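Novice: Start counting the sequence shown at 0; every next residue gets the next number (numbering that gives the first Met the number 0).
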Amino acid sequence: MIKTGSETSRTPYGYAATTPVYFDDLDPMGILHNARYAVLVERAITTWWQERGVSYAGGRPTTPDAFSVVRDFSITYLSPVRGTGEITVHFWIERIGDTSVDYRFRLISPGGESVFAEGRRLSVSLDPATMKPATWTDRGRELAAALIKP
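What follows is the structure, given as structure tokens:
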């Protein structure tokens, strides 16, 4: 279960979601497997949008803004996450374009003392009929505005 909200973080902008690191997330050395970082980021961002009504129901998007894909994902690993416990995903929007959203993120300790990784996730809204880039809706932009870094 992902805990979200300002009570999970002291970040001055964006949003933070605290989530467990499970035993099966670890590699043979007992550290968080590199592929799991992307999953944790994806779940945090997806949960934020779901809580605001932008998701899928019955295999269909609830709004046009739910139909988007990741165009680019990059990450820099700074320090290993050792063992199970909780980790916080702090993310924000650096820029929103006509059809794209440029997220930045950090995986940090729940208190914010340690930064384990940081990166970028670029999403593009698609038209489901043509699979070509589509403009974000006004409602999607309004919601996203809460995540834009000042």
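Ideal Cβ positions, reconstructed from N, Cα and C, are used throughout, including at glycine.
No experiment lies behind these values; they were computed from the predicted model shown.
Alpha carbon to alpha carbon, how far is T62 from A56? Give it in angstroms, no decimals.
Specialist: Rounded to the nearest angstrom, the two C-alpha atoms are 10 Å apart.
Novice: Here's the rule I'm using: 16 or more other beta-carbon atoms within 10 Å means buried, otherwise exposed. How should A128 be labelled?
Specialist: When all chains shown are included, A128 counts as exposed.
Novice: Ends of the beta strand (DSSP E) at E112?
Specialist: Taken as a continuous stretch (DSSP letters only), E112 belongs to no beta strand (DSSP E), as it is neither H nor E.
Novice: So is R81 buried or exposed if we call it buried at 16+ other beta carbons inside 10 Å?
Specialist: By the 10 Å Cβ count, R81 comes out exposed.
Novice: Just to check my reading of the structure: S122 and S67 have Cβ atoms closer than 8 Å, yes? What is that Cβ distance to the nearest angstrom?
Specialist: Between S67 and S122 the Cβ distance is about 5 Å, and since that is below 8 Å, they are a contact.
Novice: Just checking my contact of I95 with R140 at CB under 8 Å: how many whole Å lie between their CB atoms?
Specialist: The pair is a contact, with the Cβ atoms about 6 Å apart (cut-off 8 Å).
Novice: In chain order, which alpha helix (DSSP H) runs of at least 4 residues are fully inside the stretch 20 to 90?
Specialist: Qualifying alpha helix (DSSP H) stretches, in chain order: 33 to 49.
Novice: Over the uninterrupted alpha helix (DSSP H) stretch that includes L142, give me the two end residues.
Specialist: It spans D137 to A143 - the alpha helix (DSSP H) in which L142 sits, taken as one unbroken run.
Novice: Could you tell me which of T45, T83, D64 and T17 sits nearest to H32, measuring between CA atoms?
Specialist: Out of T45, T83, D64 and T17, T83 has the C-alpha closest to the C-alpha of H32.
Novice: Quick one: is G110 buried, meaning 16 or more other Cβ sit within 10 Å of its Cβ, or exposed?
Specialist: It is exposed - the Cβ of G110 has fewer than 16 other Cβ atoms within 10 Å.
Novice: In the DSSP assignment, what are the bridge partners of L121?
Specialist: Answer by DSSP bridge pairing, in chain order: D71 and D101.
Novice: Name the DSSP bridge partner or partners of A15?
Specialist: Answer is H89.
Novice: Enumerate in chain order the residues of its own chain whose CB-to-CB distance from T136 is below 6 Å, with the five nearest sequence positions on each side excluded.
Specialist: So the qualifying residues of the chain are P63 and D64.
Novice: Rounded to the nearest angstrom, what separates F90 and R105 at their Cα positions?
Specialist: Taking the straight line joining both Cα atoms gives about 6 Å.
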